[in-house]
Amino acid sequence: RLSSLRTGDRASVTRVSEVAEREAPLLLGYLHQRDLTPGREVTVVEADEVGKTLRVRVAERDVTLSHETASKVWAVLP
């Protein structure tokens, strides 16, 4: 999951939680607008353990996610 990555990690998005797919269409739209879709490469710019946020670079822009949102996105390290 994106939420388990650390600052500097690079990963590829593999899927979004089935629960989010069924129960949170707004979340799916939010992720799609930010290019956080399967197949996208992301780099963790900052993992803030205190603030519970994750800032990732995707498609040449930075996106900040809450820990809760990041936990719904699966990714694999190369």
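Position in the sequence shown counted from 1, then plus 847, gives you our numbering.
In this text, a Cβ means the ideal position worked out from N, Cα and C, and glycines have one as well.
On a predicted model such as this, the values are computed, not experimentally measured, just so you know.
When the Cα atoms are used, what is the spatial distance from residue i to residue j?
i: residue 917; j: residue 849; result: 5 Å
i: residue 889; j: residue 906; result: 8 Å
i: residue 896; j: residue 914; result: 9 Å
Only counting the same chain, and skipping five residues up and downstream in sequence, which positions put a Cβ closer than 8 Å to that of residue i?
i: residue 886; result: 859 and 860
Could you give the DSSP three-state label for residue i: helix, strand or coil?
i: residue 913; result: strand
i: residue 864; result: coil
i: residue 870; result: helix
i: residue 901; result: strand
i: residue 859; result: strand
What does a CB cutoff of less than 6 Å around residue i pick up in its chain, not counting 5 residues either side in sequence?
i: residue 921; result: 848, 861 and 862
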